[in-house]
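First the structure, in the form of structure tokens, and then the observations on it.
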Amino acid sequence: MTVPTVTLNNGVEIPQLGFGVYQIDPADTKDATLAALEVGYRHIDTAEMYGNEKEVGEAVAASGLAREDIFVTSKLNNGFHARDAALKAFDGTLEALGFEYLDLFLIHWPLPKVGDYLETWKAMEEILASGRVKAIGVSNFQQHHLQRLFDEADIVPAVNQIEVHPYLTQDALRAFDAEHGIATEAWSPIAQGKVLDDEAITAIADRLGKSAAQVTLRWHIQRGDIVFPKSVTRSRVEENFALFDFELTDADLTAITALNRDERTGPNPDEFNYIPD
Ligand SMILES: NC(=O)c1ccc[n+]([C@@H]2O[C@H](COP(=O)([O-])OP(=O)(O)OC[C@H]3O[C@@H](n4cnc5c(N)ncnc54)[C@H](OP(=O)(O)O)[C@@H]3O)[C@@H](O)[C@H]2O)c1
């Protein structure tokens with residue numbers, strides 16, 4: 002099964018399908034990540050906030066695969082929104098993963114009321130210039146956060162990782178990303194399971210002989226977004242990888258997109274200002 006790649010705005014290629022490790026217990030993360038690598042995933046999405054970077058790094062080391070054959074993303078945690086803190090946090094991420102370089106580093110949340118994401122973004126630009134990360138981007142940025150970076154910083158983020166699924170289609174923000182050369186990554190792509198009983202989705206799945214999760218993930222793929230569903234269940238890890246031997250029609254895509262209710266499973270980035278202890 003060949004996973005297509007998306008070319009980011011600095012030429013770096015990222016597999017369009019990856020494996021997310023949010024809410025995987027650190028004790029289970031090495032095995033879960035190794036299972037995903039065995040199935041064929043070559044893109045892992047972690048974060049300092051998830052507490053499992055070390056175990057992702059252990060899985061990469063134990064996999065027998067070359068480091069350059071696996072695309073790894075991590076994210077700057079919310080307590081590090083200032084230049085020196087961000088530089089130090091990136092060193093900590095590389096050390097935890099046991100890597101000499103990272104593929105993609107993101108600002109996890111803009112935290113508009115407590116941090117200065119512009120200063121933080123300038124630190125991300127410094128990290129990119131150091132050569133220890135191949136691309137930098139943001140997560141949970143709204144249009145106005147991105148606009149401030151365009152106005153006051155030098156580098157356009159390579160990606161914007163935002164919540165997207167059939168109940169939150171985010172078409173305005175995805176279009177804005179695309180207009181500015183930013184690839185959209187869709188987090189919680191199956192809304193943590195909430196969309197899987199939807200009749201519009203199960204009807205398409207029944208017709209195609211696929212699961213509701215596969216149909217939903219395929220919808221993302223055909224819309225051009227990058228996805229990394231999470232599962233600790235081997236059969237689901239396999240199921241979520243089997244997306245490239247079928248196609249949705251334009252009518253299927255339209256029917257799924259019409260399910261939008263602007264319903265978030267996670268926080269609103271304009272209001273989320275949480276800093277962990
Ligand atoms: N940047 C951010 O702020 C942010 C926020 C949230 C998530 N993310 C990233 O996005 C990734 C994915 O999002 P997510 O983990 O929140 O949610 P998700 O991938 O939409 O859903 C994961 C949930 O769905 C279940 N599941 C997975 N595949 C399934 C299938 N084929 N059939 C039925 N159930 C299935 C999993 O159960 P089991 O594990 O029990 O099998 C788990 O409970 C994360 O791991 C993380 O990398 C980023």
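Throughout, the working numbering is defined as the position within the sequence shown, counted from one, plus 1. Backbone N, C-alpha and C fix where the C-beta goes; we use that ideal spot for every residue, glycine too.
Inset, instruction - Please state whether DSSP places A206 in a helix, a strand or coil. - result: helix
Inset, instruction - Pull up the CB-CB distance for F72 and D92, whole angstroms please, since I reckon it's below 8 Å. - result: Actually they are not in contact, since the Cβ atoms of F72 and D92 sit about 21 Å apart, beyond 8 Å.
Legend entry - Enclosing alpha helix (DSSP H) for N241 [first to last residue]: 235-242
Legend entry - Opening and closing residue of the alpha helix (DSSP H) in which K31 lies: 27-40
Legend entry - E248 in three-state terms, based on DSSP: coil
Legend entry - Residue of I163, Y42, E49, V238 minimising C-alpha distance to A214: V238
Inset, instruction - Compute the minimum distance between the beta carbon of F229 and the heavy atoms of ligand 1, and state whether it is under 8 Å. - result: yes
Inset, instruction - Using a threshold of 9 Å, state whether the C-beta atoms of N79 and M50 are closer than that. - result: yes
Inset, instruction - May I ask whether a heavy atom of ligand 1 can be found less than 8 Å away from the beta carbon of E39? - result: no
Inset, instruction - Please confirm if V228 has its CB atom under 9 Å from at least one CB of chain B. - result: Among the chains of the structure shown, chain B does not appear; only one protein chain is present.
Legend entry - Residue environment, I276, which counts as buried when at least 16 other CB atoms sit within 10 Å: exposed
Inset, instruction - Drop a sphere of 10 angstroms on the beta-carbon of D70, count the other beta-carbons inside from all chains shown, and report buried for 16 or more, exposed for fewer. - result: exposed
Legend entry - Three-state class that DSSP yields for Q193 in the structure shown: helix
Legend entry - Whole-angstrom distance between R219 and V157, CA atom to CA atom: 28 Å
Inset, instruction - Decide if S232 is buried, meaning its Cβ has at least 16 other Cβ atoms within 10 Å, or exposed. - result: buried
Inset, instruction - In angstroms with no decimal places, state the Cα-to-Cα distance between A204 and D251. - result: 15 Å
Inset, instruction - Examine ligand 1 and report whether any of its heavy atoms sits within less than 8 Å of the Cβ of N53. - result: no
Inset, instruction - Starting from E186, trace the beta strand (DSSP E) both ways and give me its first and last residue. - result: 184-188
Legend entry - Per DSSP, the bridge partner or partners of R136: Reading off the sequence shown, one finds Ala at residue 136, where the question assumed Arg. L105, per the DSSP bridge assignment.
Legend entry - Contacting residues, own chain, Cβ-Cβ under 7 Å from L35 (five flanking each side not counted): A60, A63, S64
Inset, instruction - Please list, in chain order, all residues of the same chain as W188 whose beta carbon is under 6 Å from its beta carbon, the five residues on each side excluded. - result: Q162, E164
Inset, instruction - Figure out for me which residue from L260, K76, G58, H146 has the closest Cα to the Cα of H1. - result: Summary: the structure shown does not reach residue 1, with the chain confined to residues 2 through 278, and so no result is reported for it.
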